[in-house]
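A.B. asks:
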Amino acid sequence: MTSPDPSGVSRRRFGGLLLATASLGAVPRASGQASQAVSSAIPAGVLSARFGKYRLTALLDGMLSMGRDFFLSEDAQIDELLAASGIDGQAIAAPICSFLLQSADQTILIDTGMGAIDAFGPGFGHTLAGLLAVGVSPEEIDMVVITHAHPDHIGGLLTAEGQKVFSKAEIVLNETEAKFWTDEGQMAQADEAAKGMFQFASQALALYGDQVTQVAPGKEIASGLTLRAAPGHTPGHSVLRIDGGEQQLMMIADLLHNAEVHTALPETGFAFDTDPAQAAATRKAFFEELAAEKTLVAGTHLHFPGLGRILQEGSAYRYLPASL
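See below:
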């Protein structure tokens, strides 16, 4: 799927540039293309607050701009929703957020952002600056939880030279996700737009070797942290239930990609979904649960700092920003 905006981010462009980076060498930048990321002169977005027994820190890695056709529907209501929110349909902001959890026992990073994959300009990779801003070095990270292996979630595992960023961390992800992205047969069947993502994911996981732990969803992976399967966006896409004691939170990753569209029209598929129908069914099931419990959510592509609630509104839902 190609964005009508020639300088925008399309799936084909994303995959093609990753194919060029898959050797884990220096990461190339797109020449002759207008950057669709925030300027590197803008300091890292960081918001930190107590969350029960944890300190939760939201980290803004960067900002992408995507076109209307990333939503796999011609429903005019999508355009109406975007227009009503003052959003340019050909320049829809897509924040990339990661989250840091600190307790007395562990320091855990949930997803890594795009990191050194600066093929769209120098506006990514702010997650590391955010960590340093709150006094955490990469060597102090005990665990990195990967919700799924798309590059805006695992790119920060690597330096621009293809070395490990988190030398001492356990890398935890759903076993289904790990097997999918490291399956040579799956990669052989993928189109050119996806091959780069397969190569990058498989080589990044191989680089970390025995630091990688593949887990079955539903089990506690750390104190108060339970990985739950949320398939469709990718086969092993997962969300993370965080029990802070007196507070509960669900890190919903890519359960939605736009707060306005995907709450009002949860059945709408997205260009990067492996199985759009399954992704929509998963989204609706989780929305029903989250709305009923009024659970606080954190999301990769929610408006920074990526915290809010999913509320029932008639037969659909709406997103309400919230704070800790």
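In my numbering, the protein residues as written are 10 to 333. Glycine included, C-beta positions come from ideal geometry on N, C-alpha and C.
#1: Using the DSSP secondary-structure output, state which residues sit across from Gly245 in a beta bridge.
#2: CB-CB under 7 Å to Gln111, same chain, minus the five flanking residues each way: which ones, in chain order?
#3: Tell me the residue span of the alpha helix (DSSP H) that contains Phe209.
#4: Could you say if the stretch 205-214 and the stretch 252-268 meet the contact criterion of at least three C-beta pairs nearer than 8 Å?
#5: Let's see if you can read the secondary structure: which residues bound the beta strand (DSSP E) around Asp78?
#6: Can you tell which of Arg237, Gly124, Gln198 and Phe60 has its C-alpha closest to the C-alpha of His159?
#7: Based on Cα-Cα distance, which residue from Ile155, Thr116 and Gln208 lies nearest to Gln336?
#8: Identify whether Glu148 lies in helix, strand or coil by the three-state DSSP scheme.
#9: Thinking C-alpha only, which one of His310, Glu148, Ser332 and Ile319 is nearest Gly122?
#10: How far does the alpha helix (DSSP H) with Ala140 in it reach, from first residue to last?
#11: For Ser82, which of His271, Glu201, Phe296 and Gly165 has the nearest alpha-carbon?
#12: Note the first and the last residue of the continuous beta strand (DSSP E) segment covering Phe295.
#13: Assign Ala331 to one of two classes, buried (16 or more other C-beta atoms within 10 Å of its C-beta) or exposed (fewer than that).
#14: Give me whichever residues DSSP pairs with Lys173 in a beta bridge.
#15: In its own chain, which residues sit with a C-beta less than 6 Å from the C-beta of Leu56, not counting the 5 before and 5 after it?
#16: If the criterion is Cβ atoms closer than 8 Å, does the pair Gly245 and Glu186 meet it?
#17: In or out: Asp161 buried (at least 16 other Cβ within 10 Å) or exposed?
#18: Does Asp282 pass the burial test, meaning 16 or more other C-beta atoms within 10 Å, or should it be called exposed?
#19: Rounded to the nearest angstrom, what separates Ala31 and Glu255 at their Cα positions?
#20: Taking the C-alpha atoms as reference points, what is the distance between Glu298 and Glu170?
#21: Give the DSSP-derived three-state secondary structure of Asp161 in the structure shown.
#22: Helix, strand or coil, according to DSSP, for Phe281 in the structure here?
#23: Assign Asp88 to one of three DSSP states: helix, strand, or coil.
#24: Can you tell me the Cα-Cα spacing of Ile119 and Thr304, whole angstroms?
#25: Quick one: what's got a C-beta closer than 6 Å to Asp284's C-beta in the same chain, skipping five residues either side?
#26: Taking the Cβ atom as the reference point for each residue, do Pro104 and Leu140 lie within a distance shorter than 8 Å?
#27: Under 8 Å by Cβ, that's how I've got Val224 and Arg237 pegged, so tell me the actual separation to the nearest angstrom.
C.D. replies: On the basis of the coordinates in this document:
#1: None; Gly245 has no bridge partner.
#2: Counting only Cβ-Cβ distances below 7 Å, and skipping sequence neighbours, we find Tyr63 and Arg64.
#3: Segment Glu201 to Tyr217, the alpha helix (DSSP H) holding Phe209.
#4: The count of Cβ pairs closer than 8 Å, one atom from the stretch 205-214 and one from the stretch 252-268, stays below three, leaving the stretches out of contact.
#5: Looking at the DSSP string, Asp78 is not in any beta strand (DSSP E), and its letter there is neither H nor E.
#6: Here the closest residue by C-alpha is Gly124.
#7: Nothing can be reported for residue 336, as the shown portion of the chain is limited to 10 through 333.
#8: Looking at Glu148 - three-state DSSP - the assignment turns out to be helix.
#9: Ranking the options by Cα distance to Gly122, first place goes to His310.
#10: Looking at the sequence provided, one finds Leu at residue 140 rather than Ala. Annotation: the continuous alpha helix (DSSP H) that includes Leu140 extends over His135 to Ala142.
#11: Checked all of His271, Glu201, Phe296 and Gly165; the closest Cα to Ser82 is His271.
#12: Counting along the chain, Phe295 falls outside any beta strand (DSSP E), though it belongs to the alpha helix (DSSP H) covering Pro285 to Glu302.
#13: Burial call: exposed.
#14: Looking at the DSSP assignment, Lys173 forms a beta bridge with Leu167.
#15: Ala67 and Pro314.
#16: Between Gly245 and Glu186, the gap from beta carbon to beta carbon is short of 8 Å.
#17: With 16 or more Cβ atoms within 10 Å of its Cβ, Asp161 is classed as buried.
#18: Around the beta carbon of Asp282, 16 or more other beta carbons lie within 10 angstroms, which makes this residue buried.
#19: Only weak support is given to the placement of Ala31: the predicted model assigns it a pLDDT of 44, under 50, and the value that follows is read from those uncertain coordinates. Between Ala31 and Glu255, the C-alpha separation is close to 43 Å.
#20: Cα-Cα distance, rounded: 43 Å.
#21: Helix.
#22: Correct three-state label for Phe281: coil.
#23: The DSSP-derived three-state label of Asp88 is helix.
#24: Distance between Ile119 and Thr304, taken at the CA atoms: about 18 Å.
#25: These residues qualify, in order along the chain: Gly241.
#26: In this structure, Leu140 does not lie closer than 8 Å to Pro104 by Cβ.
#27: About 11 Å; that fails the 8 Å criterion.
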